[in-house]
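Going down the list, the sequences are from chains P and X.
With numbering that gives the first Met the number 0 applied, the first sequence covers 0 to 691.
With numbering that gives the first Met the number 0 applied, the second sequence covers 0 to 353.
Quick notes on the structure that follows.
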Amino acid sequence: MMDALDDLMQRERCNGPFCQQDLEQPNEGPWQHWRLRRDDSDVAWLLFDQQGQSANLLGRAALQELGDVLASLRREMPRALVLRSAKAASFCLGADLHDFAAVDNEADAVRQLVDAHLLAQQLVDLPCPTLAVLHGETLGGGLELALCCDMRLATPDARLGLPEVLVGLHPGLGATARLPDLIDPLLAMRMMLSGKPLKAEAATQAGLVDKVAPEHALPALIDDAVNGRLTLQRRNLRARPYRLDWVRRLAALGLQRRADALMDPAHYPAPSALIDLWRRHGGKPDLMLHREIYSFARLLASGTSGNLIHLFFLRQRLKAQGAPDPRRRANHLHLLGASQVGVELAALAAQRGLRVSIGDQQAMTQCIRQLAGTDDLQANLDRLVFDPQHHGAALADVLIDAQTGDLQARRATLARLEPQMRPQALLLSLHDALEPLRSALGDAGRLLGVRFAGPVKRGALTELASHSTGRTISQQHARQLLGQLGCLPVTVSSQPGLLLRRVLAPMLLEALLLLEEGHEANAIDQAALDFGFDKGPLALLDDWGLADSLQLFEQLHSERDTPPIEPPALLRNWVEQGRERIRPSQPGRWTLPGRKQARLPAEEGDRMLLALLNSAVRACRQGIVADDEMLDAAMTLSGHFPAFRGGPLRYARSCGHAALITRLQDLSQSQGPRFTPDPGWTPAEDSEAGQG
Amino acid sequence: MDSQNSPSVTLPTGTYLLEGTRTPGLNSASRARAGFSALDLAVQSAHALLLRSGLAAGALDGVVLATGASQAADQVRQRLQLGSLTPLQQCSQGLDAITRASQQIRSGDADLLLVIASDAATQPDSTAMSESAKRLAALFEVDEEDAEAYEQACRQRSSEAEQSGLFSPYRITLFDRHGEAYDTDQHTPDSGACALLLASASGCAQLKRQPLARLSRQALARAPSDYPSLAPLLASTRLLQAEQLGLNDIDLWELPDAPALALLANLAAWQDARFCERQLALEHPMGRLDPTSLNPLGGSLALGALPVSGGCRQLLQQADTLHRHALGRALVCEQQAADQAQAWLLARAEETPA
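So, in structure tokens, the structure goes:
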């Protein structure tokens, strides 16, 4: 049914002289990424149709071709130009980040940007009326192109945004100047600073879009627009006061304060650069267009943006690994037990459209409370079914073991329910230790461990642990399931601490040793926050729970392949005393409250970082995770390593393995064998991949 | 209830009751606090039923919904996630819904049908009823004391049934939007829902489950408007006559017993030779109904009279008793709007070897 409707909507799309069959044929025009045709009334229709892709990206090739297209239009000027996308779901997803990743110095960046700006200016200067018709995602460079047109129409599903800030940049094709000129400058700045898109309706109210209309109403509107009959509301009264320098200066202070509360400006320079650009040149759009180039190029050449773009690609890779198979979507999840993570997972599944049966009454209550305030609450609640007799186990595509308490009882429940499960159903345990469960199952090949690095929500990084007799196909199904829930799965091997805790443990141990040596707890955490961590190591210990941490440290201590580190007596005493936290309350995000900040000497701070880097290299060598990119992705996307540094291994490479080995060797002399460099360091590869 | 796999036998054609769930009866205070609408109750009982039957909503051939609320049909389709092709019918009485479903199954149009009946704060208009009951009681010499004794016995039977866990297999736990659970029947309820899964013989085979009972025959009767409380007697008599059965051929009776005086007057009327001869055109009086077979779990006096879903609830409970004790026939009668009653005859689902 749905496919047929999609097809009807596709057929209804208003593409001027192009019909749907034309667009399904390969592009035979002179350009690879653009289709140009004139209709009977001499209106030129230019469709962006990037070759071989399901969505458009404004890459270098497409831009170059656009120059040729505009040149050909100028040779024989049409009555008007209509710009649309030939793709089904979106106008344009923005610039092609691969282009940015390839640029490594500021001068090159400036040169390319100047070319792109000249091109955009050609579109602005085209003597005929120009009209952009937008649908779906209209992001980044795509929106900037639309801003160069005289008029903009949109379908109700359009979402317009400038998300450059998420990869450490700001718009670079003129939007920093054109957007505040077109709409309320404060709204424009907020759009660019947050990266959040506006829905079509909101964009119309803001003045970014001239009219919103469903597809079937577009032909008449387009006709009006190209014939100059469309009434335009272009009096941007809100912009007027901001032409005064002092007004902008004041407003910029407020913007800066809000931006600082979200991201540390020392580590993420893009928001400050954007605010600065507007504060200085916002009164003179022409000059601002020019200055945007240099500001953008500076950001592009900074390490931050490079690392964030790298991270963007890693996230894409993780998403691709968890891409759901449309023929094998999970429909039903059954929850055993009532642990907090289990309840959150069930709530997420209900929000993502799965039927969720819950065996435990307490868990049912918690899950309903968890869903409070979600969109479409009634539908989410209707997907939950209380199921004390576990009928759902026989129907579910996935059984979640969120039981707490006695292992024997957990095993007994699983042994009772597992035989009822469908042969291809998955069994996911939220506990690390899979071994003790394995023998209770008839088919242990479907058993996997799942650990969420933070709260369970969309986009949460998830460690997926397989054991030695796990089936590969189950792993794949579990990845698809997590992808269906919107999470980012990383496959790791089922070792104590899985990946993240394993990598982090030596750093936390080092922090405890520093505490034992008499440094202040706040100073220790502050050193990590200064480096860019979201959370200090001692705060992290509080999150993990002291008893669990001690258990993990002991497990790692007894491993053969890891240099032994006796867990500090301090921690042991605390656990024996039944203490649960190191400090009573949660400290702030990157600045800790406190009167006089005690500082940790740099040497001591490095000890924690080097312990972390050494253990990251070790985990990679031990094959806990597929490759170093996956390790970096897991550490950064879970919030356990500063995103702007691109991940521990990328950071280590940028410092140079050789230099780090020397530091580690020094430390192992002074501090003991726990700093012995891991055999996994590869100083020989330093030069070829050395980058800032 | 439990997994009842019996693939080696087949059932004769007919309509079967496969499985059912009901919500606890809620009184108006709880209902208001929880914010349940009739639809909420219907959806929760239906979801629980589908889960325990191992079905997705898409596997149903249709849904028949009985509620007082008229706008419910569009929403129930959406909330049960029925496909756009699944037929959905609506009516106002639980046993009517069963009748409609049964017709579809008999005609071969459907193999699996979901029947949902739901009440939320539907107040029966009982003045005419109790008026009529009092007059009939006077005519057939039933006094208030008998009625009180009967009521007490009903409550006793109901609490015994509760203690021995006869209600719990079918009674689900309701959850409101704040996560609070409701799992016990409350006194003087005005809200509740019941969901039943009806199937043809091939539907039963398809699900590999043994049904609780076969739905054998239905009769509807309207009483003279002066004596609306006679309607159950007329409907039951009509049903028995059509099947050529006597009162004691029925192992289990479920007759509307609120008010108790109406029921006792009807029982006395069946023993009254003149009434049976003149009004029912019977040669002999119907006779005395064995009181142990009547409303064995306490009837609607104890569980609360829910005008829309009460009949379905009693039908489910009778089918369970029939199944558990391997009895032959049960009769369930529902008093419907004003002066009408509908009776359903349940029979044991007898298998014939394949």
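Here a beta-carbon is modelled for each residue, glycine too, at the ideal position from N, C-alpha and C.
Quick caveat: nothing in here was measured; it's all calculated off a predicted structure.
Which of helix, strand or coil DSSP assigns to residue i
i: THR12(X); result: coil
i: ALA181(X); result: Residue 181(X) is actually Tyr in this sequence, not Ala. If DSSP states are grouped into helix, strand and coil, TYR181(X) belongs with the strands.
i: ASN14(P); result: coil
i: ALA65(X); result: strand
i: ILE97(X); result: helix
i: VAL123(P); result: helix
i: GLY321(P); result: coil
i: ALA625(P); result: coil
i: VAL616(P); result: helix
Contact set for residue i: own chain, Cβ-Cβ below 7 Å, skip 5 residues either direction
i: ARG644(P); result: ASN306, GLY531, TYR650
i: ARG10(P); result: GLN19
i: LEU460(P); result: ALA452, LEU487, VAL489, ALA633, LEU636, SER637
i: VAL397(P); result: ALA329, LEU332, ALA424, LEU425, LEU427, LEU480
Residues that residue i contacts on chain P, provided the C-beta gap is smaller than 8 Å
i: VAL42(X); result: ASP381
i: ALA47(X); result: VAL384, PHE385, ASP386
i: ARG176(X); result: ILE367, ALA371, LEU376, LEU380
Unbroken beta strand (DSSP E) run spanning residue i, endpoints
i: PRO488(P); result: 487-492
i: LEU358(X); result: With chain X represented from 0 up to 353, any question about residue 358(X) goes unanswered, as that position is not in the structure.
i: TRP343(X); result: 339-346
i: ALA222(X); result: Counting along the chain, ALA222(X) falls outside any beta strand (DSSP E), and DSSP gives it neither H nor E.
i: ALA346(P); result: It is not in any beta strand (DSSP E) - ALA346(P) instead sits in the alpha helix (DSSP H) that spans 339-350.
i: THR129(P); result: 129-133
Within chain P, the residues that residue i reaches when beta carbons sit closer than 7 Å
i: HIS322(X); result: Near HIS322(X) there are no residues of chain P at all, since even the closest Cβ is about 18 Å away, more than 7 Å.
Element boundaries [alpha helix (DSSP H), containing residue i]
i: GLU130(X); result: 126-138
i: HIS46(X); result: 37-52
i: SER117(X); result: Note, SER117(X): premise wrong, no alpha helix (DSSP H); beta strand (DSSP E) at 111-119.
i: HIS331(P); result: Where HIS331(P) is concerned, there is no enclosing alpha helix (DSSP H), although the beta strand (DSSP E) it sits in stretches over 331-336.
i: CYS366(P); result: 360-370
i: SER106(X); result: No alpha helix (DSSP H) holds SER106(X); DSSP gives it neither H nor E.
i: GLY141(P); result: 140-146
i: ASP223(P); result: 217-225
i: ALA202(X); result: Note on identity: in this sequence residue 202(X) is Gly, with Ala being the wrong assignment. Residues 200-206.
Cutoff 7 Å: residue i Cβ touching any chain A Cβ
i: HIS186(X); result: The chain labelled as chain A is not found among the protein chains of the depicted structure, namely P and X.
8 Å CB neighbourhood of residue i in its chain, flanking five on each side removed
i: ALA408(P); result: GLN402
6 Å Cβ shell around residue i - same chain, five flanking residues per side excluded
i: LEU64(X); result: VAL75, GLN89, ILE115
i: SER199(X); result: ILE104, ASP110
i: HIS186(X); result: none
i: ASP183(P); result: ARG237
i: THR203(P); result: VAL211
i: VAL62(X); result: LEU87, LEU113
Chain X residues whose Cβ lies nearer than 8 Å to that of residue i
i: MET8(P); result: Those do not exist, as MET8(P) stays about 17 Å from chain X at its closest Cβ, beyond 8 Å.
i: GLY391(P); result: LEU50
i: SER356(P); result: LEU50
Per-residue burial, residue i [other beta carbons within 10 Å of its own, 16 or more giving buried]
i: THR14(X); result: buried
i: TRP343(X); result: buried
i: GLY404(P); result: exposed
i: HIS324(X); result: exposed
i: PRO11(X); result: exposed
i: ILE357(P); result: buried
i: GLY715(P); result: Residue 715(P) is absent from the model: chain P starts at 0 and stops at 691.
i: MET285(X); result: buried
i: TRP245(P); result: exposed
i: ASN247(X); result: exposed
i: SER669(P); result: exposed
i: LEU406(P); result: exposed
Neighbouring residues, chain X, relative to residue i (Cβ below 7 Å)
i: ILE399(P); result: Per Cβ cutoff of 7 Å: no residues; ILE399(P) is ~16 Å from chain X at best.
Chain-ordered chain P contacts of residue i [CB-CB under 9 Å]
i: GLY172(X); result: The amino acid at residue 172(X) is misidentified as Gly; the sequence shows Thr. By Cβ distance, chain P contributes GLN360, MET363, PHE385, PRO387.
i: ALA180(X); result: GLN360, MET363, THR364, PHE385
i: ARG78(X); result: GLN377, ALA378, ASP381
Contact list for residue i against chain X, beta-carbon separation under 9 Å
i: LEU394(P); result: LEU50, GLY53, LEU54, ALA55
Any non-hydrogen atom of the ligand GDP closer than 6 Å to residue i Cβ
i: LEU335(P); result: Looking at this structure, you won't find the ligand GDP or any other ligand, since it has none at all.
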